[in-house]
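Chains as they are written, first to last, in the numbering used here: chain A, 90 to 359; chain B, 90 to 359; chain C, 90 to 359; chain D, 90 to 359; chain E, 90 to 359; chain F, 90 to 359.
Where a beta carbon is used, it is the ideal one built from N, C-alpha and C, also for glycine.
All remarks here apply to the structure that follows.
Protein chains: 6
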Amino acid sequence: MSLLCPDAFLSPLAIDEAVTRALDEDLGRAGDVTSTATIPEGTRGRAVLAARKAGMIAGLPLAAAAFRKLDPAVEITGHQRDGAAVQSKTVLLTVAGDARALLAAERVALNFVGNLSGIATATAEFVRLVGHTRARVCCTRKTTPGLRAVQKYAVRCGGGFNHRFGLDDAILIKDNHIAVAGGVRAVLERAKAVAGLEVGLADAVLLDNMSPVTMKKAVEMVAGRLVIEASGGITHESAAAIAESGVDYLSSGAITHSSPNLDVGLDIEI
Amino acid sequence: MSLLCPDAFLSPLAIDEAVTRALDEDLGRAGDVTSTATIPEGTRGRAVLAARKAGMIAGLPLAAAAFRKLDPAVEITGHQRDGAAVQSKTVLLTVAGDARALLAAERVALNFVGNLSGIATATAEFVRLVGHTRARVCCTRKTTPGLRAVQKYAVRCGGGFNHRFGLDDAILIKDNHIAVAGGVRAVLERAKAVAGLEVGLADAVLLDNMSPVTMKKAVEMVAGRLVIEASGGITHESAAAIAESGVDYLSSGAITHSSPNLDVGLDIEI
Amino acid sequence: MSLLCPDAFLSPLAIDEAVTRALDEDLGRAGDVTSTATIPEGTRGRAVLAARKAGMIAGLPLAAAAFRKLDPAVEITGHQRDGAAVQSKTVLLTVAGDARALLAAERVALNFVGNLSGIATATAEFVRLVGHTRARVCCTRKTTPGLRAVQKYAVRCGGGFNHRFGLDDAILIKDNHIAVAGGVRAVLERAKAVAGLEVGLADAVLLDNMSPVTMKKAVEMVAGRLVIEASGGITHESAAAIAESGVDYLSSGAITHSSPNLDVGLDIEI
Amino acid sequence: MSLLCPDAFLSPLAIDEAVTRALDEDLGRAGDVTSTATIPEGTRGRAVLAARKAGMIAGLPLAAAAFRKLDPAVEITGHQRDGAAVQSKTVLLTVAGDARALLAAERVALNFVGNLSGIATATAEFVRLVGHTRARVCCTRKTTPGLRAVQKYAVRCGGGFNHRFGLDDAILIKDNHIAVAGGVRAVLERAKAVAGLEVGLADAVLLDNMSPVTMKKAVEMVAGRLVIEASGGITHESAAAIAESGVDYLSSGAITHSSPNLDVGLDIEI
Amino acid sequence: MSLLCPDAFLSPLAIDEAVTRALDEDLGRAGDVTSTATIPEGTRGRAVLAARKAGMIAGLPLAAAAFRKLDPAVEITGHQRDGAAVQSKTVLLTVAGDARALLAAERVALNFVGNLSGIATATAEFVRLVGHTRARVCCTRKTTPGLRAVQKYAVRCGGGFNHRFGLDDAILIKDNHIAVAGGVRAVLERAKAVAGLEVGLADAVLLDNMSPVTMKKAVEMVAGRLVIEASGGITHESAAAIAESGVDYLSSGAITHSSPNLDVGLDIEI
Amino acid sequence: MSLLCPDAFLSPLAIDEAVTRALDEDLGRAGDVTSTATIPEGTRGRAVLAARKAGMIAGLPLAAAAFRKLDPAVEITGHQRDGAAVQSKTVLLTVAGDARALLAAERVALNFVGNLSGIATATAEFVRLVGHTRARVCCTRKTTPGLRAVQKYAVRCGGGFNHRFGLDDAILIKDNHIAVAGGVRAVLERAKAVAGLEVGLADAVLLDNMSPVTMKKAVEMVAGRLVIEASGGITHESAAAIAESGVDYLSSGAITHSSPNLDVGLDIEI
């Protein structure tokens, strides 16, 4: 069984690169000195990676890659896969292999699953809160530096959608562009000349930091001609009211930059 | 004035590497298509990077590096430096240079300052809560993958201390080592044989998930012969009681993996 | 004056990475042994980079970066910029600096300007041929491996537009997806379920290897509800007829993978 | 059966590096969103990579490496190998494995085989045209930036020879060195002093942009004491006449920088 | 059997990185042209890697990794492992696989085993010379640039210990710090303020370039309260006398930067 | 004044890459903790890098690059340059700049100058010993892994010459090729067929581990038709006798893999 969330995108090269960098960072110049000092060479071990809180899982393929990188012959059994909603104490993976390798990869595996499941869990809660509306939950470019691809994937695991992956993905005009360019008219004229962008052809409009009441008016004005995205400090408390205004998307920076880790742990089976 | 926190360590190569990777991730294959489409070439801009909430600042050298990477001639004025406690609306940096470059580097700069100041702020709160005791606050290896060096630095900016930077830093024996090796005795005998480690020569002991009462007993038993570190789910609520047990260090994984970002923003000055 | 084409996007990090790799490849382990052997240290030189055939220019910022990488103090004067249509013998850049560095960077600079101007020139010819229609010229993912970002930029310099930069840019369903998935219906049902993609919401349709007559019928059927892109072996000979069918885009793989280099040269001024 | 051309050199690390970079460029941050959206997980597929025009093949080991990188268990059957002259519709490789992986690697595989077979085909045509003479065909440093090693290999697949791989390979004195150094005498004196290079010990002389008549005179003057290489705008039309002048090598920049891709395609077998 | 020295630490990622870099350096752009030219494709070979002088072995896992990188199916039999003391002509490894791959990896494999066994051998000789004392032998940061992790590992293979792996490992105050900071008092006051470092809490003291007599006095003064390390031009001749002064550690830069390679060779078995 | 040896080749990119890697290795995750802890921010320092033994200098450009990498504004005065023969206590460089940066770069700078000057010094001694003959001294591929380009450069600084930089540089047939291929005849026939190599066209012959007497006979047999290189365990003691046999080159692996470092140091000027 694949460990990847069935409906989410993640490049295998991105997994390999993120895991190698993280292991490199943790192993440093000398590697896992404690395991070498305390565990006889060749010792086999068996461990379970389990959730210690309820939540939505993301990051299992990265955990598996971390174990496999240090023990290519490790046996990994997936009991859950990314995108699963689990209870506390649910076993996610069983890993069996070289005991030193398991312990050397443990922290990297847990750091990925903890961070990404935290994001998936926060996303899923937003999705639940706006489930009675047509609004979709999406994330922003406010990700932890260096982890954009995997964090965007975690949002998908939680049932959310992805906004721009980077500055090169789409033209999105904000206050600062208008301020620098000298006004809305100047910006739009230039965008039309340079990129063929016409207001009538815009795909979407972003409503930033508006009240639900104002948003509702905006939804009525647009009348379906544009996709509308609401943004700006949306919390679990305010999400439902904003979604009920009729917007198409709720975007939250906090789900990627401020979600607490989901508590997960690795236990050696004796 | 240097933007680095006076008493904290951060390698200039680590700054360069982290910022380059983050810019690369955000600029993608085509770069900032919006700025190119909306801002005439050669336009100059001036912007202020300011805190939007009160907190402890960390990450300004990374923000500066991001702007400088895209406009080597940018002028940067530091109004604060890392390790400063600021109020909401405090201006941190002023940057003046090529407007397209400023906007292209904006998100990366804010993502670093937001993440690292969030960590520094959470650390500083722990430090405040245990200020009446001898306990020091420190972090763990539970960092966001790929950001260990800069997040450890952020903990220093907040007044905390750093535990092991990686698996190669020190021998630290935990439950899983004991489980794999077949018991405490086996672990200690092997560690003595291999690494010359003797219990009497251990530098420190980690008390994991104990109550303040139990910790106090442990402190009394150790009687100053070892450094004692308390660990395991310590929160802002429980910190003071634990510190009062007499331990030397309180270590928290949450300050690096689960601190919410500090809200910071960049505004173009007109 | 910037050397970049005013209306085209290119990340400064992409320039740096492409130029460093190319210099590394050419300098090898020992560097430019001929210049060291024949030119006294410290010799200054002045050279002109000029077109030896008429064409549309692209790649000057990469040429400049190559010279600057080997002589940070080189003086570069841009006489033309990317996106300029020039006659044979037009001087593009003047470079003055350390003579060894100029000669060591020469081939890399010329290889970039030759390849990218070749692409821009071929693109511009397509643009001219369909200038009496509403059709726009665009490129594909059939680029030379490792050069996608800069070759896509060259297409922009020639007046063309860019299709997907990579597999992650947009959903584009082709014959092979349909063959693997077991038919059109299966593909569309799955795409709807997974990505929320509905036929009525598709942005564009690709007409592959159709005759102008068939394309005209397709244009009439679609009646403006979708963007139509014609593709498949379009040549300078067939471009006008296809464009006259009313399609919105003509896409050509050949402009990036099979355009001959524009002849450019570097001459030392004595 | 190895897919490499029997008599040509290519480092396995060079293959791995070129393919990884190209896949990375195509998969971007999110990977192949279309395959994920349209093809159920775990679907198996079988595809044939075939020539769509007659030509000389090069690049199959890179194509195989691309498929293997995304599906380590893919089964690859080589029906031809690099250096084979094939007719249109000749099947080159059969690949069977995870369908999503096959489609995600398709474009990278085709871009390599198309580019390198185009070079091999153009080389082979030059070789054929001068087959009645003693002249050998070779390439230059005018390669596509970033692809020198693999393009030089493609020239070998086409029956050609390789000139310098980089600036560090041999001393080759050209006009610009003479211009900078202040004349032929100065260049030779310095080269003798620095590198022990004496005219009488030179291995080869390059005749650049001379007519066949002039070249013949040069060949007679040299009388076998030096290897003679003819260079400068040699085309399929002029090759035979130049080769008949008696030179040892014909070198062409165009075979690496301006050969059109050979048309190759991948078809899913149903 | 693992080839790693049982009690020494080395990260598997460090092995992979060092070996890939070394192969890349040796294979260059075109690979092993001699093996391609002289050995028919598919030829199998069998070779023995043996010591040609007596010594202490280190580096076998790197040799094995080099062969495996060029022939993933190579069969490797370890007759010795790192940390073994061997006589001249002792067989260390047998490798059987693709003959071209064996010869292409030969030099890299030998360069690693030669360099690291040279270090291990020199270390072991120091260890032997001070074996009648309590002193331990350790190395410094005076390693060959780029090889610190593997050279420190080689010291462990020889029975030595490792000092700081890098500048970030521990605070070590030397003459130059004192000179810059304006005296011992200034340095200590600042170190106390910044890093909480108190003289009474220092772990160790370094006695640099002192005579055995002076060292003995220092040992008596310290009376066990600090670990004492002797350093500065210690040779095989002077080691015993210094060790007998009672110091805890002898540190030598020469064992990593100036040990001659151990002579090892690879012979094809016919 | 350039610090590079006037007649030796070294790519600026190779310098940058080697120095960055070495600094990265020494600074680790946290940087120079001692300088941060003991030296107030902004302190300026001035230091001299000097030889502590007589020898031939190599590596100053790498030392300068190390200081500049950590303090871009450092002022560097070259008192000597690579290729200079100096007495003990000769000042090589003066550096003035940020004191923390000077101390953080010190070890990397010294490690490069020590290693490379050691090689240059050993080479120069060989050159002196054979100065009365026509023999030239050259190095092999037996370099320290990862440092080939800079160590080959050091040999040039010492007055030596460079053999192959890597396996891709030239065809060199050795015992193992003959053993694998099944004899001299088989090797030569294949080499002729594949690479057009004929014995009569070979450039050079390698005499491995022969006595001076045997070498002299070989020199007489070859009678100037081939370049002759003597190789195999040549020492300072045996060099003159071997050179007097009339060979063209003496090649030594030991000068790159076993030369002791030249003793160099950095002293803060007060």
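Item, Value
"Would you mind telling me which residues of chain F sit closer than 7 Å to B/P95, beta carbon to beta carbon, in chain order?", "E130"
"Name, please, each residue of chain F whose Cβ falls closer than 8 Å to the Cβ of D/F98.", "D257"
"Tell whether a beta-carbon distance below 8 Å holds between D/A224 and D/D337.", "yes"
"So with Cβ pairs under 8 Å, would you call A/L102 a contact of chain D?", "yes"
"At what residues does the beta strand (DSSP E) containing C/A259 begin and finish?", "C/A259 -> no beta strand (DSSP E), and no H or E assigned at all."
"From this set, B/V244, B/D257 and B/L218, which residue's C-alpha is nearest B/E326's C-alpha?", "B/L218"
"Out of curiosity, what's the CA-to-CA distance linking D/D258 and D/S177?", "38 Å"
"What does F/V283 reach in chain D if we use C-beta pairs closer than 7 Å?", "D96"
"Is the Cβ of F/H119 closer than 8 Å to any Cβ of chain B?", "Here residue 119 of chain F turns out to be Ala, not His, going by the sequence shown. Closer than 8 Å to some Cβ of chain B, the Cβ of F/A119 qualifies, so yes."
"Determine the closest residue to E/C228 out of E/H221, E/T222 and E/C246, with distance taken between C-alpha atoms.", "E/C246"
"Is it buried or exposed, D/H33, if we count other Cβ atoms within 10 angstroms and call 16 or more buried?", "Residue 33 of chain D falls outside the range modelled here, since chain D spans only 90 to 359, and no answer is possible."
"Using 10 angstroms around the beta-carbon of F/G131, count the other beta-carbons present and answer buried if the total reaches 16, otherwise exposed.", "exposed"
"Taking the alpha helix (DSSP H) that B/T210 falls in, what are its first and last residues?", "A188 to L218"
"So is C/T232 buried or exposed if we call it buried at 16+ other beta carbons inside 10 Å?", "buried"
"Contact criterion: CB-CB distance below 8 Å. Does E/L92 meet it with respect to chain F?", "no"
"Using 8 Å as the threshold, is the stretch 184-204 of chain A in touch with the stretch 149-157 of chain A, meaning 3 or more CB pairs across them?", "yes"
"Can you give me the Cβ contacts of F/A213 inside the same chain, cut-off strictly under 6 Å, excluding the 5 residues immediately before and after it?", "M145, G247 and G248"
"Short of 8 Å Cβ to Cβ, which residues in the stretch 172-203 of chain A face chain D?", "none"
"Can you tell me which residues form a DSSP beta bridge with E/C227?", "E/F250 and E/S340"
"Below 9 Å on C-beta distance, what does A/L205 contact in chain E?", "The contacting residues do not exist; A/L205 stays about 22 Å from chain E at best."
"Under 8 Å by Cβ, that's how I've got E/A139 and E/V197 pegged, so tell me the actual separation to the nearest angstrom.", "Not quite, the Cβ-Cβ distance comes to about 17 Å (not below 8 Å), so this is no contact."
"Does any residue of chain E have a CB that is nearer than 8 Å to the CB of F/T123?", "yes"
"Give me the residue from D/L351, D/I165, D/F250 and D/G235 with the minimum Cα distance to D/T109.", "D/G235"
"Measuring CB to CB, does E/R54 end up less than 8 Å from E/I128?", "Missing from the structure shown is residue 54 of chain E; chain E here goes from 90 to 359 and no further."
"Return the CA-CA distance between E/F215 and E/V226, expressed in angstroms with no decimal places.", "7 Å"
"Determine the direct distance from the alpha carbon of B/K158 to that of F/A332, and round the result to whole angstroms.", "55 Å"
"Straight-line CA distance for B/D292 to B/V316?", "6 Å"
"Classify B/T179 as helix, strand or coil using the three-state DSSP reduction.", "coil"
"Have a look at the DSSP bridge pairing and note the partners of B/R237.", "B/R237 is not bridged to any residue."
"Exposed or buried, C/R230, counting other C-beta atoms within 10 Å across all chains shown (16 or more means buried)?", "buried"
"Taking only the alpha-carbon atoms, compute the straight-line gap between D/N251 and A/S340 and give it to the nearest angstrom.", "56 Å"
"Would you please verify whether the beta carbon of D/R314 is less than 8 Å from any beta carbon of chain C?", "no"
"Checking 8 Å against the spacing of the C-beta atoms, do D/L355 and D/A136 come in under that value?", "yes"
"To be precise: take each residue of the stretch 231-259 of chain F, compare its Cβ to all Cβ atoms of chain E, and keep it if any distance is under 9 Å. Which residues remain?", "K231, T232, T233, P234, G235, L236, R237, A238, V239, F254, G255, L256, D257, D258 and A259"
"Beta-carbon separation of B/A211 and B/G148 under 8 Å?", "no"
"Let me know if B/I84 comes out buried or exposed under the rule of 16 or more other beta-carbons within 10 Å of its beta-carbon.", "Within the shown structure, residues of chain B are numbered from 90 to 359, placing residue 84 of chain B beyond reach of any answer."
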